[in-house]
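Enquirer: Input: one structure, supplied below.
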């Protein structure tokens, strides 16, 4: 795993002064010597990635029936790099659906390759990206999960007002799980105004199926969970959210999508980018299913419902 930051580990010298008060000169020298040995022995500096080291290729692509296919391919760069890197890599992109090559040629536009095709839930997809300059081949595969529909979304408003005079309402979400397979879910909480969705990060939820990988984050970007505790049953979630007019996006995501987001959220604080997942190219080995490189090739299906705030 490449290391991307300087790490300094040393002892805590905050209370050293008062511990030295009762010692003589020789005792003082002994304590200082012990402290120096202790600090120096605990000091470890891990250098950043050297510019001379080879840059790894990064492929990022999220598949959804609701959007065209967009493929980002870049290279890793050192976090402390002062040089603006630019490469003239050209790639031949092939996409297979259930092992059949799709007869489309992706077009290159604004740093990504676009393929105007709607993937099908339940189908298997494999991507092959061949570098025209050096024949470096990137491959990855994933299965698009089936759609899961929100059966009901209701809102109770107002619910309570907190000490900051923010009024919260309660969204109640219901959907049924397909118990025949292991399912992975992502929920995005937001506001609904005039049939438009706006993400909200000010909400609270307490339920056994919801666990935060980064519990220090009081305002998680999204909610990730599995159907382990409600397999084949209806799930009812109560979510306290600021303001009136709630909206929910329910995503049934693939295992690769789930693992990528899970590890990414746990490391957001030590990455260069925080919310733009498509173009992340930091040289950090989080979760990846790309062969011969880094990045992610994953998929999801989604349903959206809202209670209009107007």
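Numbering (my numbering), first residue to last: 40 to 349. Glycine included, each C-beta is placed from N, C-alpha and C at the ideal position.
If we ignore side chains and look at the alpha-carbon of each, how far apart do residue 115 and residue 281 end up?
Expert: Mapped onto the chain shown, residue 115 falls at position 76. Mapped onto the chain shown, residue 281 falls at position 242. If I take the Cα positions, the gap works out to 39 Å.
Enquirer: Buried or exposed: residue 181, going by 16 or more other Cβ atoms within 10 Å of its Cβ?
Expert: The residue given as residue 181 occupies position 142 in the chain shown. By the neighbour-count rule (16 or more Cβ atoms within 10 Å), residue 181 is buried.
Enquirer: Taking the alpha helix (DSSP H) that residue 297 belongs to, which residues open and close that run?
Expert: Sequence index remark: in the chain shown, residue 297 carries index 258 (1-based). From DSSP, the alpha helix (DSSP H) with residue 297 extends over 294-305.
Enquirer: Can you list the beta strand (DSSP E) stretches of 3 or more residues lying completely in the stretch 197-266, in chain order?
Expert: 206-215, 223-232, 235-238, 242-244 and 262-265
Enquirer: Is the separation between the beta-carbon of residue 170 and that of residue 335 shorter than 7 Å?
Expert: The residue you call residue 170 lines up with position 131 of the chain shown. The residue you call residue 335 lines up with position 296 of the chain shown. It is not a contact, given that the beta carbons lie outside the stated cut-off.
Enquirer: Could you give the DSSP three-state label for residue 185: helix, strand or coil?
Expert: Along the chain shown, read from residue 1 onward, the residue named residue 185 stands at position 146. If DSSP states are grouped into helix, strand and coil, residue 185 belongs with coil.
Enquirer: Checking 7 Å against the spacing of the C-beta atoms, do residue 286 and residue 218 come in under that value?
Expert: Numbered from 1 along the chain shown, position 247 holds the residue referred to as residue 286. Numbered from 1 along the chain shown, position 179 holds the residue referred to as residue 218. Cβ atoms of residue 286 and residue 218: not closer than 7 Å.
Enquirer: Would you say residue 166 and residue 145 are within 7 Å of each other, going by their C-beta atoms?
Expert: Numbered from 1 along the chain shown, position 127 holds the residue referred to as residue 166. Numbered from 1 along the chain shown, position 106 holds the residue referred to as residue 145. No; because the gap between Cβ atoms is not below 7 Å, this pair is not in contact.
Enquirer: Considering only the beta carbon of each residue, do residue 268 and residue 248 sit closer than 7 Å?
Expert: As a first step, residue 268 must be located in the chain shown, where it is residue number 229. As a first step, residue 248 must be located in the chain shown, where it is residue number 209. Yes; because the gap between Cβ atoms is below 7 Å, this pair is in contact.
Enquirer: So within the stretch 157-183, which uninterrupted alpha helix (DSSP H) runs reach at least 4 residues, ignoring any that extend past its ends?
Expert: none
Enquirer: Report the option in 302, 139 and 341 whose CA atom is closest to the CA atom of residue 289.
Expert: Residue mapping note: residue 289 aligns to position 250 of the chain shown, counting from 1. Comparing Cα-Cα distances from residue 289 to each of 302, 139 and 341, the minimum goes to 341.
Enquirer: Rounding to the nearest angstrom, what Cα-Cα distance links residue 101 and residue 337 in this structure?
Expert: Numbered from its first residue, the chain shown carries residue 101 at position 62. Numbered from its first residue, the chain shown carries residue 337 at position 298. For residue 101 and residue 337, the distance between alpha carbons rounds to 5 Å.
Enquirer: Please name the residue, chosen from 325, 138, 207 and 344, that lies closest to residue 235 on a Cα-to-Cα basis.
Expert: One-based indexing of the chain shown puts residue 235 at position 196. Closest in C-alpha terms to residue 235, from the list 325, 138, 207 and 344, comes 344.
Enquirer: Rounded to the nearest angstrom, what separates residue 128 and residue 137 at their Cα positions?
Expert: The sequence position of residue 128 within the chain shown is 89, counting from 1. The sequence position of residue 137 within the chain shown is 98, counting from 1. In a straight line, the C-alpha of residue 128 is about 28 Å away from that of residue 137.
Enquirer: Closer than 7 Å, CB to CB, is residue 164 near chain D or not?
Expert: Although the question refers to chain D, the structure presented lacks it and comprises just one protein chain.
Enquirer: Which one or two residues does DSSP pair with residue 34 in a beta bridge?
Expert: In this structure the chain extends from 40 to 349, so residue 34 is not present and cannot be described.
Enquirer: DSSP has residue 138 in a bridge; who is on the other side?
Expert: Stepping through the chain shown from its first residue, residue 138 is reached at position 99. Paired residues: none, contrary to the question.
Enquirer: Check each candidate in 156, 105, 111 and 161 and name the one with the smallest Cα separation from residue 293.
Expert: For this step, residue 293 is matched to residue 254 along the chain shown. Cα-wise, what sits closest to residue 293 is 161.
Enquirer: How is residue 275 classed by DSSP in three states: helix, strand or coil?
Expert: For this step, residue 275 is matched to residue 236 along the chain shown. If DSSP states are grouped into helix, strand and coil, residue 275 belongs with the strands.
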